[in-house]
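S.K.: Sending over a structure as structure tokens; questions will come in a sec.
Protein chains: 2
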Amino acid sequence: MSVEQEKIRVLVVEDHHVVRQGLVALLNVVDGIDVVGEAADGVEAITQFRKHLPNVTLIDLRLPRMGGVDVIQRVRMETPQARFIVLTTYDGDEDIYRALQAGAKAYLLKGMTSDELIATIRTVHAGKSHIPPAIAQRLAERMGTEELTPRESDVLEQIVHGKSNKEIATELEISEATVKTHINSLLGKLGVTDRTQAATAAIQRGIVPLESLRKPKS
Amino acid sequence: MSVEQEKIRVLVVEDHHVVRQGLVALLNVVDGIDVVGEAADGVEAITQFRKHLPNVTLIDLRLPRMGGVDVIQRVRMETPQARFIVLTTYDGDEDIYRALQAGAKAYLLKGMTSDELIATIRTVHAGKSHIPPAIAQRLAERMGTEELTPRESDVLEQIVHGKSNKEIATELEISEATVKTHINSLLGKLGVTDRTQAATAAIQRGIVPLESLRKPKS
DNA sequence: GCGAGGGTCAACCTTTTGGTGGAGGAGGCT
DNA sequence: AGCCTCCTCCACCAAAAGGTTGACCCTCGC
Numbered sequence: 000m001s002v003e004q005e006k007i008r009v010l011v012v013e014d015h016h017v018v019r020q021g022l023v024a025l026l027n028v029v030d031g032i033d034v035v036g037e038a039a040d041g042v043e044a045i046t047q048f049r050k051h052l053p054n055v056t057l058i059d060l061r062l063p064r065m066g067g068v069d070v071i072q073r074v075r076m077e078t079p080q081a082r083f084i085v086l087t088t089y090d091g092d093e094d095i096y097r098a099l100q101a102g103a104k105a106y107l108l109k110g111m112t113s114d115e116l117i118a119t120i121r122t123v124h125a126g127k128s129h130i131p132p133a134i135a136q137r138l139a140e141r142m143g144t145e146e147l148t149p150r151e152s153d154v155l156e157q158i159v160h161g162k163s164n165k166e167i168a169t170e171l172e173i174s175e176a177t178v179k180t181h182i183n184s185l186l187g188k189l190g191v192t193d194r195t196q197a198a199t200a201a202i203q204r205g206i207v208p209l210e211s212l213r214k215p216k217s
Numbered sequence: 000m001s002v003e004q005e006k007i008r009v010l011v012v013e014d015h016h017v018v019r020q021g022l023v024a025l026l027n028v029v030d031g032i033d034v035v036g037e038a039a040d041g042v043e044a045i046t047q048f049r050k051h052l053p054n055v056t057l058i059d060l061r062l063p064r065m066g067g068v069d070v071i072q073r074v075r076m077e078t079p080q081a082r083f084i085v086l087t088t089y090d091g092d093e094d095i096y097r098a099l100q101a102g103a104k105a106y107l108l109k110g111m112t113s114d115e116l117i118a119t120i121r122t123v124h125a126g127k128s129h130i131p132p133a134i135a136q137r138l139a140e141r142m143g144t145e146e147l148t149p150r151e152s153d154v155l156e157q158i159v160h161g162k163s164n165k166e167i168a169t170e171l172e173i174s175e176a177t178v179k180t181h182i183n184s185l186l187g188k189l190g191v192t193d194r195t196q197a198a199t200a201a202i203q204r205g206i207v208p209l210e211s212l213r214k215p216k217s
């Protein structure tokens with residue numbers, strides 16, 4: 000094999016400017032890795048992906064305009080062989096799960112060392128996956144839990160937003176009795192005993208994003 | 000004045016390895032700025048500060064071993080002229096407030112540009128403060144609100160952890176009637192109408208850290 | 001066609017929560 | 001001493017939430 004080996008072409012998607020800059024600088028001095036593009040939001044990420052068709056895409060989940068999970072889904076719809084490494088601070092089990100479901104090959108917590116990151120890029124490029132033990136642990140825990148139905152998720156979201164049963168009924172245009180039915184069901188699935196626990200569980204697990212609490216659009 | 004101007008000596012405190020690395024690399028190529036130390040946790044931060052006595056300290060609030068706010072307090076106790084720039088992702092109004100109370104001179108959100116960061120370092124080194132409009136906005140909002148008493152905070156924390164009034168009474172060794180009194184009071188102060196809203200408000204404002212929800216130590 | 005699961009609703013009941021007013025004691029500040 | 005805040009507690013009430021059972025209607029897959 001020649002000294003001119005093929006470089007791994009990497010796309011970096013990260014909205015935090017200094018972090019992205021740091022990642023790019025870090026990776027560009029590594030032998031065999033070439034950062035071919037950068038994106039600061041989800042929409043740009045897709046554009047950049049189509050343009051450069053990178054071997055590996057490093058992506059944060061929290062992005063403006065379009066979330067990381069959606070980006071992964073979209074891109075893999077048209078390019079199934081696309082390899083993604085999710086690189087994020089911990090945002091709740093739900094995101095881990097959905098990212099891996101969407102086809103992410105690795106999940107790294109910010110805070111890993113440069114060596115870990117580089118090693119993971121090579122691993123993923125070689126077609127393998129890489130899930131750190133801490134993440135695998137959470138995934139395993141999540142497995143035992145039942146999925147919420149769409150309607151139950153609607154109700155849960157309203158609960159997190161501090162709505163009463165009556166308000167939820169009005170909002171979703173169903174009777175209060177139905178709201179109670181859903182709540183009773185979702186309490187069981189979440190393994191909690193009241194709405195307050197359901198709310199904190201939802202936030203903590205990332206089922207309902209914390210940002211949505213700021214200023215309700217309604 | 001000579002060409003050999005005095006450089007601004009900077010200490011970078013940030014637990015995320017790649018982010019810290021990026022910041023240091025970024026700042027070290029800037030004219031007139033010299034990164035004299037790095038720290039990955041709060042305890043190390045204090046050690047490094049004493050060792051280098053930097054002009055400006057860049058610090059994240061979420062740190063292992065000792066939080067950023069505590070570091071600022073400690074250091075300014077022994078070195079009141081110490082200048083801190085808080086550099087963090089948004090963790091709730093409470094942290095902003097407490098960091099500035101502790102004597103931070105500036106508060107920057109990760110995601111700012113390198114230019115903003117550099118400009119702020121110079122500004123702070125010159126003895127001025129720098130609070131972005133978005134942050135000032137939140138501070139202003141917080142001003143109108145009343146402080147919770149220590150006991151009310153205790154109760155609120157229990158609420159966030161999903162305890163019932165009865166459980167809270169047992170936990171804090173007071174009667175359920177007293178718990179109700181505190182709750183009634185804190186609901187008013189938080190401007191909410193029930194415990195679920197109180198819980199989400201507490202999390203969102205950073206009064207009760209989300210991490211404490213994982214596995215209760217009890 | 002039949003069962004399973006999801007969504008809708010009702011009646012009934014118990015427990016919890018929130019709202020109000022009052023009241024006494026401890027500690028701090030003037 | 002007076003005044004204030006905080007913490008403590010009680011009683012009473014109304015509203016909300018939680019638990020249970022049973023029911024009807026879809027749709028989807030077998």
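Chains as they are written, first to last, in numbering that gives the first Met the number 0: chain A, 0 to 217; chain B, 0 to 217. Ideal Cβ positions, reconstructed from N, Cα and C, are used throughout, including at glycine. Because the structure is a prediction, the values reported are computed rather than measured.
Can you tell me whether Glu140/A is buried or exposed, with buried defined as 16 or more other CB within 10 angstroms of its CB?
M.R.: One-based indexing of the first sequence puts residue 140/A at position 141. By the neighbour-count rule (16 or more Cβ atoms within 10 Å), Glu140/A is not buried but exposed.
S.K.: In chain A, which residues lie less than 7 Å from Ile158/B when you measure between Cβ atoms?
M.R.: Counting from one through the second sequence, the residue named residue 158/B turns up at place 159. Chain A residues near Ile158/B: Thr195.
S.K.: Is it buried or exposed, Asp30/B, if we count other Cβ atoms within 10 angstroms and call 16 or more buried?
M.R.: Walking along the second sequence from the start, residue 30/B turns up at place 31. Under this definition Asp30/B is an exposed residue.
S.K.: Report the residue ranges of all alpha helix (DSSP H) runs contained in full by the region 76-153 of chain A; include only those spanning at least 4 residues, in chain order.
M.R.: Taking only runs of at least 4 residues, the alpha helix (DSSP H) segments lying wholly in the region 76-153 of chain A are 92-100, 113-124 and 132-142.
S.K.: Could you tell me whether the region 189-209 of chain A touches the region 10-20 of chain B, using the rule of 3 or more Cβ pairs below 8 Å?
M.R.: The region 189-209 of chain A vs the region 10-20 of chain B: no contact.
S.K.: Could you give the first and the last residue of the continuous beta strand (DSSP E) run that contains Val17/A?
M.R.: Stepping through the first sequence from its first residue, residue 17/A is reached at position 18. Looking at the DSSP string, Val17/A is not in any beta strand (DSSP E); the run it does join, the alpha helix (DSSP H), is His16 to Asn27.
S.K.: Measure from the C-beta of Lys165/A to each C-beta in chain B and report whether the shortest distance is under 7 Å.
M.R.: For this step, residue 165/A is matched to residue 166 along the first sequence. Not closer than 7 Å to any Cβ of chain B, the Cβ of Lys165/A fails to qualify, so no.
S.K.: Which bits of chain B does Ala98/A rub up against, with CB to CB less than 7 Å?
M.R.: Numbered from its first residue, the first sequence carries residue 98/A at position 99. The contacting residues do not exist; Ala98/A stays about 19 Å from chain B at best.
S.K.: So, with DSSP's three-state summary, where would you put Asp218/B?
M.R.: Lying outside 0 to 217, the shown extent of chain B, residue 218/B is not represented and no answer is given.
S.K.: Give every residue of the same chain whose Cβ lies closer than 6 Å to the Cβ of Val159/A, excluding the five residues on either side of it in the sequence, and list them in chain order.
M.R.: The residue given as residue 159/A occupies position 160 in the first sequence. The answer, listed in chain order, is Ala198, Ala201 and Val207.
S.K.: Does the structure place the region 89-101 of chain B close enough to the region 41-57 of chain B that three or more beta carbon pairs sit under 8 Å?
M.R.: Not touching, per the Cβ criterion.
S.K.: Which chain B residues are close to Met111/A, counting only those with a beta carbon under 7 Å from its beta carbon?
M.R.: Translated into positions along the first sequence, residue 111/A becomes position 112. Near Met111/A (Cβ distances below 7 Å), the residues of chain B are His16.
S.K.: Buried or exposed, going by whether 16 or more other CB atoms sit within 10 Å of the CB of Asp59/B?
M.R.: Counting from 1 along the second sequence, the entry for residue 59/B is found at position 60. When all chains shown are included, Asp59/B counts as buried.
S.K.: For Ile58/B, which of helix, strand or coil comes out of DSSP?
M.R.: Counting from one through the second sequence, the residue named residue 58/B turns up at place 59. Strand at Ile58/B.
S.K.: Kindly say whether Pro215/A, judged by its beta-carbon, lies nearer than 7 Å to any beta-carbon of chain B.
M.R.: The residue given as residue 215/A occupies position 216 in the first sequence. Only weak support is given to the placement of Pro215/A: the predicted model assigns it a pLDDT of 49, under 50, and the question is left unresolved by the model.
S.K.: Closest to Gly132/A by CA distance: which of Ala105/A, Leu186/A and Glu156/A is it?
M.R.: For this step, residue 132/A is matched to residue 133 along the first sequence. It should be pointed out that residue 132/A corresponds to Pro in this sequence rather than to Gly. Ranking the options by Cα distance to Pro132/A, first place goes to Ala105/A.
S.K.: In whole angstroms, what separates the C-alpha of Lys6/B from that of Asp33/B?
M.R.: Within the second sequence, residue 6/B is the residue found at index 7, counting from 1. Within the second sequence, residue 33/B is the residue found at index 34, counting from 1. Computed Cα separation, rounded: 6 Å.
S.K.: Could you compute how far the alpha carbon of Asp68/A sits from the alpha carbon of Ala38/A?
M.R.: In the first sequence, the residue the question calls residue 68/A occupies position 69. In the first sequence, the residue the question calls residue 38/A occupies position 39. Checking the sequence, you will find Val at residue 68/A rather than Asp. Straight-line Cα distance between these residues: approximately 15 Å.
S.K.: Does DSSP classify Arg204/A as helix, strand or coil?
M.R.: Residue numbering aside, residue 204/A sits at position 205 when the first sequence is read from its first letter. DSSP places Arg204/A in coil when its eight states are reduced to three.
S.K.: I'd like to confirm the pairing. Which residues does DSSP put opposite Asp30/B in its beta bridges?
M.R.: One-based indexing of the second sequence puts residue 30/B at position 31. Looking at the DSSP assignment, Asp30/B forms no beta bridge with any residue, so it has no partner.
S.K.: Please classify Ile173/B: does DSSP put it in a helix, a strand, or coil?
M.R.: As a first step, residue 173/B must be located in the second sequence, where it is residue number 174. Ile173/B: coil per DSSP, three-state reduction.
S.K.: Let me confirm a value: Arg49/B is counted as buried when at least 16 other C-beta atoms fall within 10 Å, else exposed. Which label applies?
M.R.: The count along the second sequence starts at 1 and reaches residue 49/B at position 50. Answer is exposed; the Cβ neighbour count stays below 16.
S.K.: Could you check whether Leu62/B and Gly36/B sit closer than 7 Å to each other, using their CB atoms as the reference points?
M.R.: Mapped onto the second sequence, residue 36/B falls at position 37. Mapped onto the second sequence, residue 62/B falls at position 63. Going by C-beta atoms, Gly36/B is not nearer than 7 Å to Leu62/B.
S.K.: Interface residues of chain A around Leu24/B at Cβ under 9 Å?
M.R.: Locating residue 24/B in the second sequence gives position 25, where the first residue counts as 1. Sequence check: residue 24/B is Ala here, not Leu. Going along chain A in sequence order, the residues near Ala24/B (Cβ under 9 Å) are Gln20, Gly21, Ala24 and Leu25.
S.K.: Got a sec? Which residues, its chain only, sit under 8 Å from Ile130/A by beta carbon, not counting five neighbours each side?
M.R.: Mapped onto the first sequence, residue 130/A falls at position 131. Here the set comprises Leu99, Ala105, Tyr106 and Leu138.
S.K.: Can you confirm whether Ala81/A, when its beta carbon is compared against all beta carbons of chain B, has any partner nearer than 7 Å?
M.R.: Reading the first sequence from its first residue, position 82 is the one you call residue 81/A. With 7 Å as the cut-off, Ala81/A does not count as an interface residue toward chain B.
S.K.: Using a Cβ cut-off of 9 Å, which residues of the region 179-204 of chain B contact any Cβ in chain A, in chain order?
M.R.: Against chain A - using a Cβ distance shorter than 9 Å - the residues of the region 179-204 of chain B are Val191, Thr192, Asp193, Arg194, Thr195, Gln196, Ala197, Ala198, Thr199, Ala200, Ile202 and Gln203.
S.K.: Enumerate in chain order the residues of its own chain whose CB-to-CB distance from Val55/A is below 8 Å, with the five nearest sequence positions on each side excluded.
M.R.: Locating residue 55/A in the first sequence gives position 56, where the first residue counts as 1. So the list reads Ile7, Arg8, Val9, Leu10, Arg82, Phe83, Ile84, Ile120, Val123 and His124, once near-sequence residues are dropped.
S.K.: Short check: CB of Gln203/A to CB of Leu212/B, under 7 Å?
M.R.: Numbered from 1 along the first sequence, position 204 holds the residue referred to as residue 203/A. Numbered from 1 along the second sequence, position 213 holds the residue referred to as residue 212/B. Contact: yes.
S.K.: Quick check: Asp40/A and Arg75/A, are their CB atoms within less than 7 Å of each other?
M.R.: Within the first sequence, the letter at position 41 stands for residue 40/A. Within the first sequence, the letter at position 76 stands for residue 75/A. Taking 7 Å as the Cβ cut-off, Asp40/A and Arg75/A do not qualify as a contacting pair.
S.K.: Applying a beta-carbon distance threshold of less than 9 Å, which residues of chain A neighbour Leu60/B?
M.R.: On the second sequence, residue 60/B is found 61 positions in, with the first residue counted as 1. Residues of chain A passing the Cβ test: none, with the nearest at roughly 13 Å.
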